[in-house]
Structures are given as structure tokens and as C-alpha cells.
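Asks:
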Amino acid sequence: TPLGSIWKLYVHAWLVDTAAADAPYRCRGGVREEVYCCEVGEEIHRDQALVRSCGLYYEARRAEIDRADWSSYWRARHAPDWLVALDELQPGTQVPVDTLLATLADLPAQVELRRVLLDVSVTARDPAVIGHLGGVLRAKTWSWRDPLDPARRIGGFAGWLVDGTPVWARAAGSSQQVLSKHALALTAALRPAQSLDAGECVDVRLFARYPIRRVLQNGRGVRPGALQGRYTVEFANGNTLDISSLGETF
89 TPLGSIWKLY
99 VHAWLVDTAA
109 ADAPYRCRGG
119 VREEVYCCEV
129 GEEIHRDQAL
139 VRSCGLYYEA
149 RRAEIDRADW
159 SSYWRARHAP
169 DWLVALDELQ
179 PGTQVPVDTL
189 LATLADLPAQ
199 VELRRVLLDV
209 SVTARDPAVI
219 GHLGGVLRAK
229 TWSWRDPLDP
239 ARRIGGFAGW
249 LVDGTPVWAR
259 AAGSSQQVLS
269 KHALALTAAL
279 RPAQSLDAGE
289 CVDVRLFARY
299 PIRRVLQNGR
309 GVRPGALQGR
319 YTVEFANGNT
329 LDISSLGETF
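Going letter by letter, the sequence shown gives residues 89 to 338 in the numbering used here.
(1) Check whether the stretch 175-193 touches the stretch 250-268, taking contact to mean three or more Cβ pairs, one atom from each stretch, closer than 8 Å.
(2) On the premise that residue 202 lies in contact with residue 248, defined as a C-beta separation below 8 Å, what is that separation, rounded to the nearest angstrom?
(3) Look at residue 162 and residue 171 and say whether their C-beta atoms are less than 7 Å apart.
(4) Tell me which same chain residues have a C-beta within less than 8 Å of the C-beta of residue 280, skipping the five on either side of it?
(5) Can you tell me whether residue 236 is buried or exposed? The criterion is at least 16 other CB atoms within 10 Å of its CB, across all chains shown.
(6) What are the boundary residues of the beta strand (DSSP E) that includes residue 225?
(7) Look up residue 143 in the DSSP assignment and say whether it is helix, strand or coil.
(8) Pop quiz: residue 138 and residue 119 are said to be a contact at Cβ under 8 Å. What is the actual Cβ separation, rounded to whole angstroms?
(9) Based on DSSP bridge pairs, tell me the residues matched to residue 322.
(10) Using a Cβ-Cβ cutoff of less than 7 Å, which residues in the same chain neighbour residue 313 once the five nearest sequence positions on both sides are dropped?
(11) Measuring CB to CB, does residue 142 end up less than 7 Å from residue 130?
(12) Just the Cα atoms here: how many angstroms apart are residue 198 and residue 101?
(13) For residue 300, count the other beta carbons within 10 Å of its own beta carbon; 16 or more makes it buried, fewer makes it exposed. Which is it?
Below, the structure is given as C-alpha cells:
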């Protein structure tokens, strides 16, 4: 598979693990790629840069990444050649999927990365993505030209499930189109191998403003605890919302 935007995930991991300072990128206009970063006059920090896929933040020269230090770091971790050589870490670089998954399984700063990448699902253009997937997917999206047909776009994601299981996906279309079109199928496919810790769940106050009257499954109220399957949430104001859960929602 081509790396696409996944290369930014490795730079982010390296910056976090080596305790590099978070030097924000300021958008000054005149650079096309700034559309993925910020408005003119604003700046973007590391976590936002990963979620929005701001490649300008991660440029090696701007991030002051020494190529020798980079190579030594990844060689010590027994990384593949395409990761050891900083110049090879490009969107069009073709890498074996099994090798990619192996690097994700051993990638440093995983807990931090999974926390940051939850926002990819939360801020997806199609609200059905977070409705179907909840917080189970913690992955960096990517899009690139199809190596077999450059006129065609392919996209997907690479990262982890909430329990740390490495995942990768690819389909026709942009990454946002892939998430939107296949969200329901992904809900059935992406099942964490380990039970989830309720202490690591996302805490929101949305339901203080929109109180829930009850949660139904097949028309019957459910007991408190982890949710497994498809449900209808009935709000006090009379509205309803269909959701899916693989145990990550309580």
C-alpha cells in the first residue's frame, strides 16, 4: 500500500517519544497545503496537526529532525528500511501491509496517539461515522492515488482499536468517503480483542443538556452496563437516535 498521510503518524510518534518541543505552525497564506492546517493568521499545534493531517507541521526541516538521529532511533527498534530512511517516508512510498501493521504494534507513544486520534472519528464530516463506530477506532486517515490507476483515488486509515490492536484499511475513494460509506460494515468488523476499561472512556456533558429518558434494544429497556449491539436512545424531549456499540459505550 502507499503510505499516504500515514507517514505523519511516525513523525508524531518520534516527536513525542523524544520529548521534542511542540513548535506550532503559523499559517501565513500563499501555501496551498495550509488548507489542511489553519486559517491565515492562526497557528496549529501538534495534536491538531495530526488530526487535520497538516503535513507542513511535520516537515523534517521545520521540525529540526536530524536524519542520522532519526535513522539510529528506528534502527534500534528494528524498523523496516522505509522507516529508517527519513527521505523514504513519503506519501507515495509503497510498503507491505503486514510490515506496516508490525510497526504500528510496536510504535512508541501509542497511548498518547490513541487519545489524540479519537478526534478523527469525532470530527468526521459524516456524523454517522461516530454514530456507528463510537470510540472504538483510533486511526490516522489517508488518501492517495491508486498505484494501478493514477486517475483513481484510494483511501482508508491506519492505527489502532481502542484496546491497542493495530488496524489498516483501504478502499476506493477519499478517506472521508471510505469512513462514511463503510462505517456500518466497520462496526461489525472492528471488534476489540480485549475488554475495555470504563475508566478510560470519554466523559462528555452532552446529556446534561439533552437528558436521556431510556435506552432500548428491540423495543425493550436495557439494564445499566456495557452496550453490545444496536440500540435506540430515547431523549426526554421526544427525539430518538440509533446507535451501535461493541462494548465501548456504557
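Note that beta-carbon positions come from the ideal geometry of N, C-alpha and C, so glycine has one too.
Replies: Concretely, from the data shown:
(1) yes
(2) 6 Å
(3) yes
(4) 224, 249, 250, 251, 253, 334, 335 and 336
(5) exposed
(6) 225-234
(7) helix
(8) The Cβ separation is near 19 Å, so there is no contact.
(9) 302 and 328
(10) 338
(11) no
(12) 8 Å
(13) exposed
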